[in-house]
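Quick notes on the structure that follows.
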Amino acid sequence: MDQQLLSLFAIGLLAGGFGALLGVGGGLIIVPALSLLAGLPLRGAIGTSLICICGSSAAASAVYLRRGRVDLPIAVELQFFSVAGAVIAGLTAGFIPTAPLFFLFALLLSAVALQMWPSASPGILTRWLSRLSARHSVARGASVGAGLISGLLGVGGGILNTPVLHLVLGKPFEQATATSSYMIGMTAAAGALVYLVRGDVVPGLVTAAMVGTLAGALPAALAGHRLNAKGLRIAFALLLLFVAYQMVRRGLLEI
Amino acid sequence: MGLMAGVAVACVVVGLVLRWLGSARWGGAAEQWLSLATTVIVVAPLVSLAGIALSASRGRGRLGVFAWGALLVTLLGMGLAR
Chain R
1 MDQQLLSLFA
11 IGLLAGGFGA
21 LLGVGGGLII
31 VPALSLLAGL
41 PLRGAIGTSL
51 ICICGSSAAA
61 SAVYLRRGRV
71 DLPIAVELQF
81 FSVAGAVIAG
91 LTAGFIPTAP
101 LFFLFALLLS
111 AVALQMWPSA
121 SPGILTRWLS
131 RLSARHSVAR
141 GASVGAGLIS
151 GLLGVGGGIL
161 NTPVLHLVLG
171 KPFEQATATS
181 SYMIGMTAAA
191 GALVYLVRGD
201 VVPGLVTAAM
211 VGTLAGALPA
221 ALAGHRLNAK
231 GLRIAFALLL
241 LFVAYQMVRR
251 GLLEI
Chain G
1001 MGLMAGVAVA
1011 CVVVGLVLRW
1021 LGSARWGGAA
1031 EQWLSLATTV
1041 IVVAPLVSLA
1051 GIALSASRGR
1061 GRLGVFAWGA
1071 LLVTLLGMGL
1081 AR
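Chains as they are written, first to last, in this note's numbering: chain R, 1 to 255; chain G, 1001 to 1082.
This is the structure we're talking about:
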């Protein structure tokens, strides 16, 4: 039991640090680790991951809010749409056919990853985004998508929020990651409450991973501004490509 | 947010100490403290948003509408999950 708690703490530590640096929740690490390594049922792993994301978001946001790096009006507006997506996904999880969703999101993530690469010349997506007259509508739609991903897969939704804030709304990358960190806490909380109320989550196991995410997120948020944006963008693009690959694999398994 | 994260960690520490003590009597209390930590951390973003909603209601109407809307949708989701 103690060894299991320690391994959950280590998983949380890694996910929290990684998540705070890149403005994502860390669920990309937590869900596979909990379901494959700790042997939790997928629903339990997703619920646990969402709670951990609340923890990492709270720790990182406390720092980012104090430093004024969060664009609060944008965050609150987009949160409404991502929360709606997260609640819908949490309530309908298990009824929605997931295979087509996996492929669609993999395609989207790959396109965004290529655009995030620092040396990439402005591609089709960037040119298309720069011509958009209804940028806020696109951002709202993407936020609903981020909420749906969050509630269905137990990730924070930052994988969509950060590119949308950076590419569509033109926020500097550091501000986009900080704003995304704040947004994913609320999105994850909305989804986590659905899983908690349904009784899918074991509190004893959650806490070990949660303390790990808190311990990992705080130093990462404090030191994150010292890292250069180029490095963060490369790390983020690689992360998106990795998730896209995982999604294609999961989609193929679902067929 | 930072304060609530700190409270959650404190609850976890108390819960783990009680679990370490090991007896059946303390075991139940330990689980309660760990559950409390989970609740605190999940509620932290809601409290932050409620604070924004309350302060925005006075001046910036649009921000308040979105903040209250997000809280309402969250509570609705909880209610439907029951």
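Ideal placement from N, C-alpha and C gives every residue a C-beta, glycine not left out.
Cutting at 8 Å between CB atoms, please list the residues of its own chain near residue i, excluding the five before and the five after it.
i	result
R/Ala-59	Gly-16, Ala-20, Thr-213, Leu-214, Ala-217, Leu-218, Ala-221
R/Val-87	Gly-147, Gly-151, Ala-190, Gly-191, Val-194
R/Leu-196	Gly-47, Ile-51
R/Leu-8	Leu-34, Ala-38, Leu-205, Ala-208, Ala-209, Gly-212
R/Val-144	Phe-81, Ser-82, Ala-84, Gly-85
Grab me the residues of residue i's own chain with a C-beta within less than 6 Å of its C-beta, minus the 5 sequence neighbours each way, in chain order.
i	result
R/Leu-40	Leu-34
R/Arg-140	Phe-81
R/Leu-75	It is worth fixing the name first, because residue 75 of chain R is Ala in this sequence and not Leu. Only Thr-179, Tyr-182, Met-183 meet the Cβ criterion.
R/Leu-13	Gly-212, Ala-215, Gly-216
R/Arg-200	One point to set straight first is that residue 200 of chain R is Asp, not Arg, in the sequence displayed. Closer than 6 Å at the Cβ level, and outside the excluded window around R/Asp-200, lie Arg-43, Gly-44, Gly-47.
G/Trp-1033	Cys-1011, Val-1014, Gly-1015
G/Ala-1044	Met-1001, Met-1004
R/Val-168	Leu-129, Arg-135, Val-138, Ala-139
G/Ala-1029	Leu-1018
R/Pro-49	Note on identity: in this sequence residue 49 of chain R is Ser, with Pro being the wrong assignment. Within the same chain, R/Ser-49 has close Cβ partners Gly-27, Ile-30, Val-31, Gly-154.
G/Ala-1008	Ala-1037, Val-1040, Ile-1041
R/Leu-252	none
So is residue i in contact with chain G if we call contact Cβ pairs under 9 Å?
i	result
R/Ala-58	yes
R/Pro-73	yes
R/Val-76	yes
R/Ser-180	no
R/Gln-79	yes
R/Val-83	yes
R/Arg-198	yes
R/Val-87	yes
R/Gly-158	no
R/Gly-145	no
R/Ile-46	no
R/Arg-66	yes
R/Ala-62	yes
R/Gln-141	Before going on, a small fix: residue 141 of chain R reads as Gly here, not Gln. It does not: the Cβ of R/Gly-141 has no partner Cβ on chain G nearer than 9 Å.
R/Ile-51	yes
R/Val-243	no
R/Val-201	yes
R/Leu-104	no
R/Gly-154	no
R/Gly-231	no
R/Gly-55	yes
Taking 9 Å as the CB-CB limit, is residue i close to chain R?
i	result
G/Val-1017	no
G/Arg-1058	no
G/Ala-1005	yes
G/Gly-1002	yes
G/Gly-1077	yes
G/Leu-1063	yes
G/Leu-1054	no
G/Leu-1021	no
First and last residue of the alpha helix (DSSP H) that includes residue i?
i	result
R/His-136	135-153
G/Gly-1061	1061-1081
G/Met-1001	Run containing G/Met-1001: none; DSSP gives neither H nor E here.
R/Phe-173	173-198
R/Gly-27	27-32
R/Gly-90	72-92
R/Arg-43	42-66
R/Leu-160	158-163
Enumerate in chain order the residues of its own chain whose CB-to-CB distance from residue i is below 7 Å, with the five nearest sequence positions on each side excluded.
i	result
R/Ile-255	Ala-99
R/Val-243	Leu-28, Leu-109, Ile-159
R/Ala-10	Gly-212
R/His-166	Phe-173, Ala-176
G/Val-1047	Met-1004
R/Gln-4	Ala-38
G/Ala-1056	Leu-1063, Gly-1064, Ala-1067
Return yes when the C-beta of residue i is under 8 Å from any heavy atom of the ligand NAD, and no when it is not.
i	result
R/Phe-95	No copy of the ligand NAD appears in this structure; indeed no ligand is present at all.
Taking 9 Å as the threshold (beta carbon to beta carbon), is residue i in contact with chain C?
i	result
R/Leu-91	No chain C appears in the structure shown, which is made up of the protein chains R and G.
If the cut-off is 7 Å on Cβ atoms, which residues from the segment 1025-1052 of chain G count as contacting chain R, listed in chain order? Within the segment 1025-1052 of chain G, the residues whose Cβ lies closer than 7 Å to some Cβ of chain R are Glu-1031, Leu-1034, Ser-1035, Ala-1037, Thr-1038, Ile-1041, Val-1042, Ala-1044, Pro-1045, Leu-1046, Leu-1049, Ile-1052, listed in chain order.
Below 7 Å between beta carbons is the criterion; list the residues of the segment 203-216 of chain R that meet it against any residue of chain G, in chain order. Listed by position along the chain: Pro-203, Gly-204, Val-206, Thr-207, Met-210, Val-211, Leu-214.
The segment 1-34 of chain R: which residues have C-beta closer than 8 Å to a C-beta of chain G, in chain order? Look at the segment 1-34 of chain R: it has no residue with a C-beta under 8 Å from a C-beta of chain G.
Would you call the segment 1029-1042 of chain G and the segment 1063-1072 of chain G touching, i.e. three or more CB-CB distances under 8 Å? The segment 1029-1042 of chain G makes no contact with the segment 1063-1072 of chain G; the number of CB pairs closer than 8 Å stays below 3.
Meets three-Cβ-pair contact criterion under 8 Å: the segment 152-165 of chain R and the segment 49-56 of chain R: yes
Against chain G, which members of the segment 162-196 of chain R pass a CB distance test of less than 7 Å? Those residues of the segment 162-196 of chain R that come within reach of chain G (Cβ to Cβ, closer than 7 Å) are Gly-185, Met-186, Ala-189, Ala-190, Ala-192, Leu-193, Val-194, Leu-196.
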